[in-house]
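Everything on this sheet refers to the single structure shown next.
Number of protein chains: 2
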Amino acid sequence: MAARTVQDTAAHPARKRGRPTADERASRRQHVLDEALGVFLEHGYANATVEQLARAGGVTKRTIYAYFGDKAGVFSEMVRSLATTVSSLAPDGDTLESLATRIVYRLHSAELVGLHRLVIAESMRFPELAQTLHDNGDARHIARLAEHLADERPADAAGLAPSLFILLLGEEHRKRLLGLVPAISEESAHTHAQAALATLGLERSPLAAMPLD
Amino acid sequence: MAARTVQDTAAHPARKRGRPTADERASRRQHVLDEALGVFLEHGYANATVEQLARAGGVTKRTIYAYFGDKAGVFSEMVRSLATTVSSLAPDGDTLESLATRIVYRLHSAELVGLHRLVIAESMRFPELAQTLHDNGDARHIARLAEHLADERPADAAGLAPSLFILLLGEEHRKRLLGLVPAISEESAHTHAQAALATLGLERSPLAAMPLD
DNA sequence: AAATAATGACACTGTCCCGTATCATTGTAT
DNA sequence: ATACAATGATACGGGACAGTGTCATTATTT
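Structure (structure tokens):
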């Protein structure tokens, strides 16, 4: 086992003791979940210790056990919390191209790639989390794409949406999952999205696509 | 930590003691690697113990340490051994469609999906294995597809190959990585491949595509 | 044949970490 | 106010596992 060299997330300013106020208690729990992702990403699920989760969240082991039962509980709640966040990124009222760009950008982010890795790795032990992530991630994105496609391609929108989705991710995202490439920039996310649309013959109307100068 | 309920891979017929013959020694090492995949898939890399790897391979811990140094050594050599196998599945002399079908089928297999999961999960700790797997997997498949495409689409073969590749995997393969669907049948791999080709306008020539009866 | 190398079987030490207990401390309930 | 609940700090028992040591056993080398 690799020696644990680093001091982990530098200890917070040593919270005061005693029972927390009602407000505080509500936020503490979420704070633990937020910080948990970093711990799991750094060490992996199995190697992460409850002690590390506690320190990162600014609480003690006791509180972790009181709140979540055990490490699996922290992991489950963390994934569920993040999963519901994934799909909530649609300003509603954008073009197919801007939607596609946002999907590309978000799904290449370090946060979501890391989450995806963790859930894939533990999919045998936490199958319901895999389902949750897919339902709130891929499934919703594909549904959104299908809505937009319905306007432009009423005929084969349903069949085209999944194809568009995976073209948006592309081989780049597979490399990303393997850690072979860094997170994508917003700009290249845009050109990437355009390329995917073009591959399916979905580029903007010829007039809009003309040179701008 | 989850209680280890199962007895693991049922102990082999208790190999005799003493120094093995030269032939035997050569094969023993490979046998350990072959059996290691099952152990890692069942428990995950971090939870798998050297003792389990030893029992599955029909050797003792001592031999594991003598052969591979430690658990990481077993994992590395196992991945490398499997990676070189991944790409060696081209009978050479088949159509684009048959090549596509074989890629779809193989990459959906339990073995390769499991390997992929493991390498993704440990990509931070074993980055060179991720690179190896990609070089011997995706990269070669894309290159092969590009060769075939060069015949039919000399113009944009290079750009089209990655798109075709990920369309071949499709959303199905993402679900597969998450453990949400079982391995695909050879038949549905074929129809899946045909659909991907059609999406890019690469279906067979009209004559060949006509009904056969 | 004698020495050496590799292995199985087994024991053993040290470490890590889980989960709980104890006690002081601080907010909440009544 | 007074009892109670939740928390931090700390300690600790128990289990699991890594990695090594020892000895008997069997090939290989010379």
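Protein sequences, first through last, are from chains A and B.
Count the first sequence with the numbering used here and you get residues 12 to 224, in order.
Count the second sequence with the numbering used here and you get residues 12 to 224, in order.
Ideal Cβ positions, reconstructed from N, Cα and C, are used throughout, including at glycine.
If you're wondering where the values come from, they're calculated on a predicted model, not measured in any experiment.
Query, Result
"Cβ neighbours of Phe79 of chain B in the same chain (closer than 7 angstroms, five flanking residues each side left out)", "Val85, Glu88"
"Test item: CB-CB of Leu52 of chain A and Val90 of chain A under 8 angstroms", "no"
"Top-ranked residue by Cα proximity to Ala204 of chain A, from B:Ser174, B:Pro193, B:Ala200", "B:Ser174"
"Residue-chain proximity (Val130 of chain B, chain A), Cβ-Cβ < 8 angstroms", "yes"
"In chain order, each alpha helix (DSSP H) run of at least 4 residues that lies wholly inside the segment 14 to 101 of chain B", "33 to 54, 61 to 68, 72 to 79, 82 to 97"
"Assigned exposure category for Arg187 of chain A - 16 Cβ within 10 Å defines buried", "buried"
"Coil, strand or helix - Arg164 of chain B by DSSP", "coil"
"DSSP-derived helix/strand/coil call for Gly148 of chain B", "coil"
"Contacts around Ala65 of chain B, its chain only, beta-carbon distance under 6 angstroms, and the 5 residues preceding and following it disregarded", "Thr71, Lys72, Ile75"
"Contact list for Glu182 of chain A against chain B, beta-carbon separation under 8 angstroms", "Asp149, Ile153, Pro173, Phe176, Ile177"
"Contact with chain A by Ala209 of chain B, beta-carbon distance below 8 angstroms", "no"
"Other residues of its chain near Ala200 of chain B: CB distance less than 6 angstroms, five sequence neighbours each side excluded", "Thr112, Val115, Tyr116"
"Rounded distance between the beta-carbons of Leu44 of chain A and Ser98 of chain A, thought under 8 angstroms", "Their Cβ separation, rounded to whole angstroms, is 18 angstroms, which puts Ser98 of chain A and Leu44 of chain A out of contact at 8 angstroms."
"Length of the line joining the Cα atoms of Glu198 of chain B and Ser109 of chain B", "12 angstroms"
"Integer-rounded CB distance, given that Ala94 of chain A should sit under 8 angstroms from Leu144 of chain A", "5 angstroms"
"Exposed unless 16 or more other CB atoms sit within 10 angstroms - verdict on Gly55 of chain A", "buried"
"Backbone CA spacing between Arg155 of chain B and Ala37 of chain B [nearest angstrom]", "33 angstroms"
"Ser120 of chain B - DSSP class collapsed to helix/strand/coil", "coil"
"Neighbourhood of Ala194 of chain B by C-beta distance below 7 angstroms, restricted to the same chain and skipping five residues each side", "His119, Ser120, Ala121"
"Short CB-CB distance (under 8 angstroms) between Gly55 of chain A and chain B", "yes"
"Where the alpha helix (DSSP H) containing Ala194 of chain B begins and where it ends", "Unbroken run through Ala194 of chain B: none, as it is neither H nor E."
"Among A:Arg28, A:Thr32, A:Asn58, A:Ala33, nearest to Met135 of chain B - alpha-carbon criterion", "A:Asn58"
"Assigned secondary structure, Phe176 of chain B (DSSP; H/G/I helix, E/B strand, else coil)", "helix"
"Beta carbon proximity, Ser138 of chain A to chain B, threshold 8 angstroms", "Note on residue identity: the sequence assigns Pro, not Ser, to residue 138 of chain A. So, interface residue."
"Within chain B, partners of Asp117 of chain A - CB distance below 7 angstroms", "Looking at the sequence itself, residue 117 of chain A is Arg, so the reference to Asp does not match. Per Cβ cutoff of 7 angstroms: no residues; Arg117 of chain A is ~16 angstroms from chain B at best."
"Backbone secondary structure at Leu107 of chain B - three-state DSSP", "helix"
"For Arg136 of chain B, the three-state DSSP class (helix, strand or coil)", "coil"
"Coil, strand or helix - Leu171 of chain B by DSSP", "helix"
"Integer-rounded CB distance, given that Ile177 of chain B should sit under 8 angstroms from Ile177 of chain A", "5 angstroms"
"Helix, strand or coil at His126 of chain A [DSSP, three-state]", "Looking at the sequence shown, residue 126 of chain A is not His but Leu. In the structure shown, Leu126 of chain A sits in a helix (DSSP, three-state: H, G or I)."
"Beta carbon of Ala172 of chain A nearer than 8 angstroms to that of Leu160 of chain A", "yes"
"Closer than 9 angstroms at the beta carbon, the chain B residues around Gly84 of chain A", "Under the 9 angstroms cutoff, chain B gives no residues; its nearest Cβ is about 13 angstroms from Gly84 of chain A."
"Beta carbon proximity, Leu156 of chain A to chain B, threshold 8 angstroms", "no"
"Cut-off 7 angstroms between Cβ atoms - residues of its own chain near Asn147 of chain B, not counting five sequence neighbours on either side", "Ala94, Thr95, Val97, Ser98"
"Other residues of its chain near Leu107 of chain A: CB distance less than 6 angstroms, five sequence neighbours each side excluded", "His159"
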